[in-house]
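Chemist:
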Amino acid sequence: MAARAASAAAVASPGARSESISRKKRGRSVQTEPWVNPHLPHEAEIVERIDESEHVFTLKLRLANPAQHAAYRFAPGQFNMLYLYGVGEVPISIVSDPEHDDLLDHTIRRVGRVTDGIAALKAGDRLGVRGPYGRGWPLDALEGKDVLIVTGGLGCAPSVSVIQYMMRRRARFGAVTILQGVKHYNDLLWRARYEAWAAMPRTRVLFSADTGGPLWPWHIGPVTGLFEHIEPEPGRTLALLCGPEGMMAATVRALRGLGLADSAIWLSLERSMHCAVGQCGHCQFGGKFVCKDGPVFACSEIAPLFSVKGL
Amino acid sequence: MPVRVDIEAPVTETRFLPRADLQRLLDVLAEAGYECIGPRVRDGAIVYDPVTRVSELPHGVTDRQGPGEYRLQAGAGGRCFAWANGPQALKPLLFTPQESLWTVRRDAQGRLAFIPAPPVARPVAVLGVRACDLAALRLQDAHFRDGPRPDPAYSARRDALFLIAVHCTHPAATCFCVSTGDGPRADFGYDLALSELDDGFLVEAGSVAGGVILRRLPTVEATTDQRQVAAREIESGARAQQRALPGTDLRDTLFGRLEHPRWEEVAQRCLSCANCTSVCPTCFCYSEHDVPSLDGTESTHTRQWDSCFTFGHSYIHGGAVRGGTRERYRQWLTHKLGGWHDQYGRSGCVGCGRCITWCPVGIDITEEARAVCAD
Chain A
1 MAARAASAAA VASPGARSES ISRKKRGRSV QTEPWVNPHL PHEAEIVERI
51 DESEHVFTLK LRLANPAQHA AYRFAPGQFN MLYLYGVGEV PISIVSDPEH
101 DDLLDHTIRR VGRVTDGIAA LKAGDRLGVR GPYGRGWPLD ALEGKDVLIV
151 TGGLGCAPSV SVIQYMMRRR ARFGAVTILQ GVKHYNDLLW RARYEAWAAM
201 PRTRVLFSAD TGGPLWPWHI GPVTGLFEHI EPEPGRTLAL LCGPEGMMAA
251 TVRALRGLGL ADSAIWLSLE RSMHCAVGQC GHCQFGGKFV CKDGPVFACS
301 EIAPLFSVKG L
Chain B
312 MPVRVDIEAP VTETRFLPRA DLQRLLDVLA EAGYECIGPR VRDGAIVYDP
362 VTRVSELPHG VTDRQGPGEY RLQAGAGGRC FAWANGPQAL KPLLFTPQES
412 LWTVRRDAQG RLAFIPAPPV ARPVAVLGVR ACDLAALRLQ DAHFRDGPRP
462 DPAYSARRDA LFLIAVHCTH PAATCFCVST GDGPRADFGY DLALSELDDG
512 FLVEAGSVAG GVILRRLPTV EATTDQRQVA AREIESGARA QQRALPGTDL
562 RDTLFGRLEH PRWEEVAQRC LSCANCTSVC PTCFCYSEHD VPSLDGTEST
612 HTRQWDSCFT FGHSYIHGGA VRGGTRERYR QWLTHKLGGW HDQYGRSGCV
662 GCGRCITWCP VGIDITEEAR AVCAD
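From first to last, the protein sequence lines stand for chains A and B. Those letters in the first sequence? Residues 1 to 311, per my numbering, in order. Those letters in the second sequence? Residues 312 to 686, per my numbering, in order.
(1) Is DSSP giving B:Phe473 helix, strand or coil here?
(2) Do B:Val540 and B:Leu505 have their beta-carbon atoms positioned less than 7 Å apart in this structure?
(3) For the segment 586–647 of chain B, list the alpha helix (DSSP H) runs that are entirely contained and at least 4 residues long, ordered along the chain.
(4) Mapping DSSP to helix, strand and coil, what is A:Ala298?
(5) Is the beta carbon of A:Arg62 sitting closer than 7 Å to the one on A:Leu103?
(6) Is the distance from the Cβ of B:Pro395 to the Cβ of B:Ser490 below 7 Å?
(7) Provide the residue(s) that pair with A:Gln180 in DSSP beta bridges, ordered along the chain.
(8) Compare the beta carbon distance of B:Asp360 and B:Arg351 with 7 Å and say whether it is the shorter of the two.
(9) Does chain B have any CB closer than 7 Å to the CB of A:Glu54?
(10) B:Glu638 versus chain A: which residues are under 9 Å apart at the beta carbon?
(11) Would you call the segment 506–520 of chain B and the segment 578–595 of chain B touching, i.e. three or more CB-CB distances under 8 Å?
(12) Look at the alpha carbon of A:Glu233 and the alpha carbon of A:Cys156, and state the distance between them as a whole number of angstroms.
(13) Grab me the residues of B:Glu346's own chain with a C-beta within less than 8 Å of its C-beta, minus the 5 sequence neighbours each way, in chain order.
(14) For A:Gly128, which residues does DSSP report across the bridge?
(15) Going along the chain, which unbroken runs of the alpha helix (DSSP H) with 4 or more residues stay wholly within the segment 219–305 of chain A?
(16) Using a Cβ-Cβ distance cut-off of 7 Å, determine whether B:His571 contacts chain A.
(17) Going along the chain, which unbroken runs of the beta strand (DSSP E) with 3 or more residues stay wholly within the segment 380–420 of chain B?
(18) Residues bridged to A:Pro91 by DSSP?
(19) DSSP three-state label for B:Glu678, please.
(20) Tell me the rounded alpha-carbon separation between A:Leu142 and A:Gly259.
(21) Kindly indicate the opening and closing residues of the beta strand (DSSP E) around A:Glu99.
(22) Is B:Arg580 helix, strand or coil when you go by DSSP?
(23) Determine the closest residue to A:His55 out of A:Gly88, A:Gly246, A:Pro138, A:Ile108, with distance taken between C-alpha atoms.
(24) Should B:Gly688 be labelled buried (16 or more other beta-carbon atoms within 10 Å of its own) or exposed?
(25) B:Arg526: buried (16+ other C-beta within 10 angstroms of its C-beta) or exposed?
(26) At a Cβ cut of 7 Å, what residues of the segment 469–485 of chain B count as close to chain E, listed as they run along the chain?
(27) Could you say if the segment 158–167 of chain A and the segment 216–233 of chain A meet the contact criterion of at least three C-beta pairs nearer than 8 Å?
(28) For the structure I just gave you, are there three or more beta carbon pairs, one from the segment 275–291 of chain A and one from the segment 238–246 of chain A, closer than 8 Å?
(29) Compute the Euclidean distance between the alpha carbons of B:Gly664 and B:Cys391, then round it to the nearest angstrom.
(30) For the structure I just gave you, are there three or more beta carbon pairs, one from the segment 69–81 of chain A and one from the segment 645–652 of chain B, closer than 8 Å?
(31) What does B:Phe595 touch in chain A if you count any residue whose Cβ is under 9 Å from its own?
(32) Strictly below 9 Å CB to CB, what residues from chain A border B:Ser583?
(33) Taking 7 Å as the cut-off, decide whether the C-beta atoms of B:Thr480 and B:Ile545 are in contact.
(34) If you measure between the beta carbons of A:Gly136 and A:Val252, is that distance less than 7 Å?
(35) Any Cβ of chain B within less than 7 Å of the Cβ of A:Tyr85?
(36) Report, in whole angstroms, the separation of the C-beta atoms of B:Glu283 and A:Glu89, which I expect to be a contact under 8 Å.
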């Protein structure tokens, strides 16, 4: 897809990040054809559909054009715009591992007009895909560091790709701690995946739920309540956050309390996105466009605007 | 097709075109293949519409503007550019209020074919462009055309545009382009620039294409006296401006005062009607919508102007990020005068004053900025 080449030019550091991945994967540099039309989706087929919970499902996609599919590159933390015929587009993060998975996985929660419609699709159905867009997680900065991942609700989805990425290259990272908070214990997705990660060396997985249940052995309360169980070492720990902004704001405060610098805390933000290329203006956050300058930001880039209500 | 060939040396001197020969300018542009858009009076306002005869221009018409007020009146002698600006800028000609981006067809097997809307651009010459609007155009260019992912439709229309500026000598009471550094004299971005005198026009070429048109006009060399009169009129226009922003870079001040009580005060008056964003020559927000055909075989994906003053603008699942007018006005002002510095290296305000004039309740951006920035 032409998008890959363009985003390398669009966003210097993330482009470089994902480019280095694709070079390793394919043994050649990414394609350099010029961007043709930034608005135009491409046809994709749903190869498999997985129901994760009552309201959450995963679509595994393949671009209909084989050459485009083969050339498609992305970095963990980037997103695609998925288009439902006759209805519209939504930004959905890519859950796959950029080097190991052939299909493009998108985990989606039914929350509105477009996602309700996409939820009715099944394997073999078609939708539109354009992307990938935005700047993903800081993969190079993570190398050799301890990594703390704090997610809330479906914020776990944009993090799955980077967790998979680290687990498949486990020796290149220090201690990995994954904290996942949910509202209701039934909301916890991917138990098997978390268990597999927890079994990896130097890897801890802790859960919290605002509402627990009889079979919920983990923490009850906000995800920041798990912080008493961890001791991240400032200076060698990077934190990756994804979830509702209130949850991320509380987490940032807790991490600062533990001595982490804002430059060591990375957040994936969410705003309304229509064009995904920094033109429609919906995703503005101060002087940033979340769709192209983010969605992943270092906290130092967006403080003190982050956590201002209604900004 | 319009003439855009570099076969002659650029015209650098200022020429004089007698008023009786202004029609030649329109004729030469038409001969060169341009549709000419210029100022005309319609619905009680000066708007940009197609013009073929100079008699269609607003002769003897001037404007009276104030917060929430716009009136045309007689009193400009025989001049036809003795007004400040109307509700439109160049924006609608390039970033159109609504257009198709692409169409998708679905066949009986459910396969989708995405067809981009071909960029359609006809050569257009715009007569009577103000310095503030040229500054705004440069910002829109930076946003839609000059980034890594240029918008095809905007870029095509922009390439086919020929601009005839008129140095502004009649700023309205709502104008403040001196304080933003964008006027009243047009210094860049035009193909031709005119200074209107009582008996004719000083003409300067700003591009090779402009020079080609200028050579075809029955001009004579401008006299020193004519040039001095024109310069004095621009100067006196600059001095006549009554409003000003409190500085050209308010970024840190505004973002440092996000909880200032003035945001709530202005929200009590603001109707969240989005007029200010519609008339603003630099506002670029749009939303995208699908328009499916009745038989279900195809759907057209369109975009149309949107505004940060609408509820839906910041909607994500679970509600709007900026649910109230306080948050929306704050977003607009802090973005326009603050966030723009990060995005495009300068303020997003060019001092045209349209947002003051066309606000139904007369909210004044200069007054609000001053109030928030005051200690």
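Even glycine gets a Cβ: it sits at the ideal position worked out from N, Cα and C.
Modeler: Taking the structure as given:
(1) Numbered from its first residue, the second sequence carries residue 473 of chain B at position 162. If DSSP states are grouped into helix, strand and coil, B:Phe473 belongs with the strands.
(2) For the purposes of this step, residue 505 of chain B is taken as the residue at position 194 of the second sequence. For the purposes of this step, residue 540 of chain B is taken as the residue at position 229 of the second sequence. It is not a contact, given that the beta carbons lie outside the stated cut-off.
(3) 586–590, 636–645
(4) Your numbering for residue 298 of chain A matches position 298 in the first sequence. Here A:Ala298 sits in strand by DSSP.
(5) Position 62 of the first sequence, counting from 1, holds the residue named residue 62 of chain A. Position 103 of the first sequence, counting from 1, holds the residue named residue 103 of chain A. In contact: A:Arg62 and A:Leu103 (Cβ atoms closer than 7 Å).
(6) By one-based count along the second sequence, residue 395 of chain B stands at place 84. By one-based count along the second sequence, residue 490 of chain B stands at place 179. Residue 395 of chain B is actually Ala in this sequence, not Pro. For B:Ala395 and B:Ser490, no; Cβs fall outside 7 Å.
(7) Residue mapping note: residue 180 of chain A aligns to position 180 of the first sequence, counting from 1. Partner(s): A:Thr151, A:Phe207.
(8) As a position in the second sequence, residue 360 of chain B is number 49, starting the count at 1. As a position in the second sequence, residue 351 of chain B is number 40, starting the count at 1. Yes; because the gap between Cβ atoms is below 7 Å, this pair is in contact.
(9) Here residue 54 of chain A is taken as the residue at index 54 of the first sequence, counted from 1. No, its Cβ sits nowhere closer than 7 Å to a Cβ of chain B.
(10) Here residue 638 of chain B refers to the residue found at position 327 of the second sequence. Residues of chain A passing the Cβ test: Lys309, Gly310, Leu311.
(11) no
(12) As a working mapping, residue 233 of chain A is identified with position 233 in the first sequence. As a working mapping, residue 156 of chain A is identified with position 156 in the first sequence. Their backbone Cα atoms lie some 23 Å apart in a straight line.
(13) On the second sequence, position 35 is the one that residue 346 of chain B refers to. Within the same chain, B:Glu346 has close Cβ partners Pro361, Arg433, Pro434, Val435, Ala436.
(14) Position 128 of the first sequence, counting from 1, holds the residue named residue 128 of chain A. DSSP lists A:Glu43, A:Tyr83 as partners of A:Gly128.
(15) 245–257, 290–293, 299–302
(16) Taking the first residue of the second sequence as 1, we reach residue 571 of chain B at position 260. Not closer than 7 Å to any Cβ of chain A, the Cβ of B:His571 fails to qualify, so no.
(17) 380–385, 409–417
(18) In the first sequence, the residue the question calls residue 91 of chain A occupies position 91. Answer is A:Met81.
(19) The residue labelled residue 678 of chain B in the question sits at position 367 within the second sequence. In the structure shown, B:Glu678 sits in a helix (DSSP, three-state: H, G or I).
(20) Along the first sequence, read from residue 1 onward, the residue named residue 142 of chain A stands at position 142. Along the first sequence, read from residue 1 onward, the residue named residue 259 of chain A stands at position 259. If you take the alpha carbons of A:Leu142 and A:Gly259, they lie about 18 Å apart.
(21) Stepping through the first sequence from its first residue, residue 99 of chain A is reached at position 99. From DSSP, A:Glu99 is part of no beta strand (DSSP E); its letter is neither H nor E.
(22) As a position in the second sequence, residue 580 of chain B is number 269, starting the count at 1. Note: B:Arg580 maps to helix in three-state DSSP.
(23) Taking the first sequence and counting its residues from 1, the one referred to as residue 55 of chain A is at position 55. With distances taken between Cα atoms, A:His55 lies closest to A:Ile108.
(24) Residue 688 of chain B lies beyond the range of chain B shown here (312 to 686); nothing can be said about it.
(25) Looking up residue 526 of chain B in the second sequence gives position 215. Flag for B:Arg526 reads exposed.
(26) The chain inventory of the structure shown lacks chain E, comprising the protein chains A and B.
(27) no
(28) no
(29) Translated into the one-based positions of the second sequence, residue 664 of chain B becomes position 353. Translated into the one-based positions of the second sequence, residue 391 of chain B becomes position 80. Between B:Gly664 and B:Cys391, the C-alpha separation is close to 21 Å.
(30) no
(31) Here the question's residue 595 of chain B lines up with position 284 in the second sequence. Under the 9 Å cutoff, chain A gives Gln279, Cys280, Gly281.
(32) One-based indexing of the second sequence puts residue 583 of chain B at position 272. Result: empty, since nearest Cβ-Cβ is about 14 Å, beyond 9 Å.
(33) Residue mapping note: residue 480 of chain B aligns to position 169 of the second sequence, counting from 1. Residue mapping note: residue 545 of chain B aligns to position 234 of the second sequence, counting from 1. Yes; because the gap between Cβ atoms is below 7 Å, this pair is in contact.
(34) Here residue 136 of chain A refers to the residue found at position 136 of the first sequence. Here residue 252 of chain A refers to the residue found at position 252 of the first sequence. No, they are not a contact pair.
(35) Locating residue 85 of chain A in the first sequence gives position 85, counting from the first residue. Yes, A:Tyr85 lies at the interface with chain B (some Cβ there is under 7 Å from its Cβ).
(36) Residue 283 of chain B lies beyond the range of chain B shown here (312 to 686); nothing can be said about it.
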